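**Q** Residue numbers (this note's numbering): 40 to 416.
Let me give you the structure first, and then I'll get to my questions.
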């Protein structure tokens, strides 16, 4: 019988639960999996779930999350007793740790998970949060990207349900949650999909629509990178107005379609990210041209076309250097399992991080409405 030790890395997201079984001897991933968070049956966003929990359903929500964790453990065949590293947003971590969520339901949106937690039986490390709805997943993503150790100014964006964004310099980190909703993860989009086998992850238009799917499987839906490509193509063709109005029916590969309702949901998600980035840049007093590199993570599928991101207004055109990496938060959890110095880095990132409450910014509402426009900035 093999004596190889394995650890479990967990990313507890609002929409999905991601996990990896890691060989602790060589740091290699033996197996990995992604499932939908079972809590989705009670609401797609954290505020809905908090309100449901406060109406006497806390235990139900917690048990749903734990059932999802048990499911990924079984899928990965994780041996009991192995070490675990857990990241997630503040609401998911609160349910996991059996912490109250009342203070997350009202301003100033405080969580009790201010420091990393070491738990026993089995051995587990739970990442600290930054503040508000910016969680340990953001710290883990910054950790695994390595940008906190480099000179320059970096922009970190997680295109997930919470839309966590951070601006990182050598001296400090400003972070906020843009509440983008689950559209970038395919939820609520008629043709949407996670970035899994068969998801359309790249679309181009040359005498008609052409596309590629992940692992070249039969198309099952369109993941984030494909959706962003599609919106950019439709705007460039003039079939989609900057205000989001679809003026020509789009013939996509059967049975896929994109509807006016889909576009409205994507507009809201894009504006949330756009507005969050714009406010952080103003806070630190820099222009896009001064950004050393922008790092995007999430259910992206393929690396995104820079032109697609700029055409729909998701990123400013002044940003020159882009990097796309899937599952950076999960990779941060993996790093803690295999690198004995990683927790010190986690603590250092936490110390220099400052949370910005987006809704408190005086020009937030005005910017959000203006940024619904699908156009470069």
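We put the CB at the ideal spot given by N, CA and C, even for glycine.
Predicted model only: the values in this text are computed from it and were never measured.
Kindly indicate which three-state DSSP category residue 216 falls into: helix, strand or coil?
**A** Here residue 216 refers to the residue found at position 177 when the chain shown is read from its first residue. Note: residue 216 maps to strand in three-state DSSP.
**Q** What are the partner residues of residue 251, as DSSP defines its beta bridges?
**A** Residue mapping note: residue 251 aligns to position 212 of the chain shown, counting from 1. Answer is 241.
**Q** Please tell me whether residue 353 and residue 312 are closer than 7 Å, where the distance is taken between their beta carbons.
**A** Position 314 of the chain shown, counted from the first residue, corresponds to residue 353. Position 273 of the chain shown, counted from the first residue, corresponds to residue 312. Yes. Within cutoff.
**Q** Short check: CB of residue 72 to CB of residue 192, under 7 Å?
**A** Within the chain shown, numbered from 1, the residue matching residue 72 stands at position 33. Within the chain shown, numbered from 1, the residue matching residue 192 stands at position 153. In this structure, residue 192 does not lie closer than 7 Å to residue 72 by Cβ.
**Q** Please classify residue 97: is it buried, with 16 or more other beta-carbons within 10 angstroms of its beta-carbon, or exposed?
**A** Position 58 of the chain shown, counting from 1, holds the residue named residue 97. Under this definition residue 97 is a buried residue.
**Q** Residues bridged to residue 162 by DSSP?
**A** On the chain shown, residue 162 is found 123 positions in, with the first residue counted as 1. DSSP, once it has assigned bridges, lists no residue as partnering residue 162.
**Q** Compare the Cα-Cα distances from residue 163 to each of 45, 288 and 110 and report the closest residue.
**A** As a working mapping, residue 163 is identified with position 124 in the chain shown. Ranking the options by Cα distance to residue 163, first place goes to 45.
**Q** Suppose contacts are defined by Cβ-Cβ distances below 7 Å. Is residue 407 in contact with residue 310 by that definition?
**A** Locating residue 407 in the chain shown gives position 368, where the first residue counts as 1. Locating residue 310 in the chain shown gives position 271, where the first residue counts as 1. Going by C-beta atoms, residue 407 is nearer than 7 Å to residue 310.
**Q** So if DSSP puts residue 109 in a beta bridge, which residue, or which two residues, is it bridged to?
**A** Translated into positions along the chain shown, residue 109 becomes position 70. Its beta-bridge partners do not exist; DSSP assigns none.
**Q** In chain order, which continuous runs of the alpha helix (DSSP H) of length 4 or greater are located wholly inside the stretch 120–153?
**A** The qualifying runs are 129–135.
**Q** In the DSSP assignment, what are the bridge partners of residue 195?
**A** Walking along the chain shown from the start, residue 195 turns up at place 156. Paired residue(s): 205 and 334.
**Q** Using the three-state DSSP reduction, which class does residue 297 fall into: helix, strand or coil?
**A** Counted from its first residue, the chain shown places residue 297 at position 258. Looking at residue 297 - three-state DSSP - the assignment turns out to be coil, as it is neither helix nor strand.
**Q** To which residues of the same chain is residue 59 closer than 7 Å at the C-beta, ignoring the five residues directly before and after it?
**A** The residue labelled residue 59 in the question sits at position 20 within the chain shown. Once the five neighbours on either side are set aside, the close Cβ partners of residue 59 are 48, 68, 71, 369 and 373.
**Q** Using a Cβ-Cβ cutoff of less than 8 Å, which residues in the same chain neighbour residue 235 once the five nearest sequence positions on both sides are dropped?
**A** Residue numbering aside, residue 235 sits at position 196 when the chain shown is read from its first letter. Same-chain partners within the cutoff: 73, 253, 259 and 262.
**Q** Comparing C-alpha positions only, which one of 187, 173, 156 and 188 sits nearest to residue 199?
**A** In the chain shown, counting from the first residue as 1, residue 199 sits at position 160. Nearest of 187, 173, 156 and 188 to residue 199, Cα basis: 173.
**Q** Cβ of residue 91 versus every heavy atom of the ligand NAD: is any distance shorter than 6 Å?
**A** As far as ligands go, the structure on display features none, and thus does not contain the ligand NAD.
**Q** Residue 60 lies in the beta strand (DSSP E); which residues open and close that run?
**A** On the chain shown, position 21 is the one that residue 60 refers to. Element bounds for residue 60: 55–62.
**Q** Ignore the nearest five residues each way along the sequence and tell me which others in residue 395's own chain have a CB closer than 6 Å to its CB.
**A** Residue mapping note: residue 395 aligns to position 356 of the chain shown, counting from 1. Excluding positions up to five away in sequence, the list reads 213 and 215.
**Q** Given this structure, state the Cα-to-Cα distance separating residue 103 from residue 307, to the nearest angstrom.
**A** Translated into the one-based positions of the chain shown, residue 103 becomes position 64. Translated into the one-based positions of the chain shown, residue 307 becomes position 268. Going from the Cα of residue 103 to the Cα of residue 307 covers about 28 Å.
**Q** Just to confirm the assignment, what range does the beta strand (DSSP E) spanning residue 268 have?
**A** As a first step, residue 268 must be located in the chain shown, where it is residue number 229. Where residue 268 is concerned, there is no enclosing beta strand (DSSP E), although the alpha helix (DSSP H) it sits in stretches over 263–276.
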